[in-house]
């Protein structure tokens, strides 16, 4: 599914300093150049990915800063442990909060946006919205929980979620987004997943009995083609109970690292995986070293054996 997300990109005004023209930010400079805003020096008005991409990159940078500075626990700086996020976690938070669009402008000047569908090739997961992505006390209405882990082939991780609106939270949804960094696939393959993980959200009653299951990306079943999956449950009520499940359905490797993010009303504080680095106990590199050493030793033994045979033949 592409694009992953959208960002505003039509005739935005941004920094427009010209490196080949010293003083381009001085008053009255370069106002005669094409696309210059004319109202202030050093500014530039453009449209397209030239503006949408830096807006998205800047949003991702702010999410990383949010985690590193420990805002996530209580919505204030330093209230939580500093987290050094993986790229998958930053991406998951960004995509989890993205909002669906009702229409998009294809770049024309007609002023008539084209209608779009959820998860289509026009918008993917929707428009970037930091207000719906992170928890900041007295500023945003959404609270988040996130975890980084690694699931084994055929394995399953579950996360129990209870909607708690006692603190005045009014966010109407429960969202869960799963992202993992997929290993490189073969060239030319459009629908190849090397490691296929799956996300489901199940609503349960007080006895743990399944009431309803929600699948990701607008599907009625598992997604077998994307390495980013999001499920949305609308109109949640205080006390509703859910189980978020991450499954290692079909992996080429022994296990796959992933990030999962949930947003909703969680009682006024966020939950995160323990530790600043969720993968400190990952021994995949050590196992890779042992494999390389073993292969190298085997090759060396074969070469020594061949050398000995050659020496014996020469003596004869």
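Residue numbers (this note's numbering): 513 to 828.
All C-beta atoms, glycine included, are put in the ideal place defined by N, C-alpha and C.
Asked, Found
"Neighbourhood of residue 693 by C-beta, 6 Å cutoff - its chain only, sequence neighbours within 5 removed", "600"
"Unbroken alpha helix (DSSP H) run spanning residue 765, endpoints", "Neither: residue 765 is in no alpha helix (DSSP H) and is coded neither H nor E."
"Closest Cα partner of residue 777 within the set 762, 746, 682 and 714", "682"
"For residue 729, three-class secondary structure by DSSP", "coil"
"Beta-bridge partners of residue 655, as assigned by DSSP", "776"
"Three-pair Cβ contact test at 8 Å for the stretch 708 to 720 versus the stretch 750 to 763", "yes"
"Nearest candidate by alpha-carbon position, reference residue 516, set 579, 614, 691 and 617", "691"
"Three-state class that DSSP yields for residue 576 in the structure shown", "helix"
"Residue 638 versus 686, 667, 568 and 704, residue with shortest Cα-Cα distance", "568"
"Near the ligand MG: residue 595 beta-carbon under 6 Å from a heavy atom", "Only the bare structure without any ligand can be found here, which leaves the ligand MG out of the picture."
"Residue 649, DSSP secondary structure in three states", "coil"
"Own chain partners of residue 794 with C-beta closer than 6 Å, once the 5 adjacent residues on each side are dropped", "At residue 794 the pLDDT is 39, less than 50, meaning the model places this residue with poor confidence and gives no usable figure here."
"Where residue 736 falls: helix, strand or coil (DSSP)", "coil"
"Own chain, CB closer than 7 Å to residue 649, minus 5 neighbours either side, in chain order", "586, 587 and 588"
"Whole-angstrom distance between residue 578 and residue 640, CA atom to CA atom", "16 Å"
"Member of 518, 573, 706 and 740 whose CA lies at the smallest distance from the CA of residue 564", "518"
"CA-to-CA distance, residue 534 to residue 612, given in whole angstroms", "43 Å"
"Option nearest residue 744 by Cα separation, candidates 598, 630, 573 and 634", "630"
"Closest residue to residue 590 among 580, 597, 598 and 596 (Cα-Cα distance)", "580"
"Helix, strand or coil at residue 744 according to DSSP, with G and I counted as helix", "strand"
"Closest Cα partner of residue 655 within the set 738, 667, 674 and 530", "674"
"Residue 528 versus residue 697: straight-line alpha-carbon distance, rounded", "39 Å"
"C-alpha gap between residue 530 and residue 684, whole angstroms", "46 Å"
"Residue 695, buried or exposed, once every other Cβ within 10 Å from all chains shown has been counted against 16", "exposed"
"Beta-bridge partners of residue 661, as assigned by DSSP", "770"
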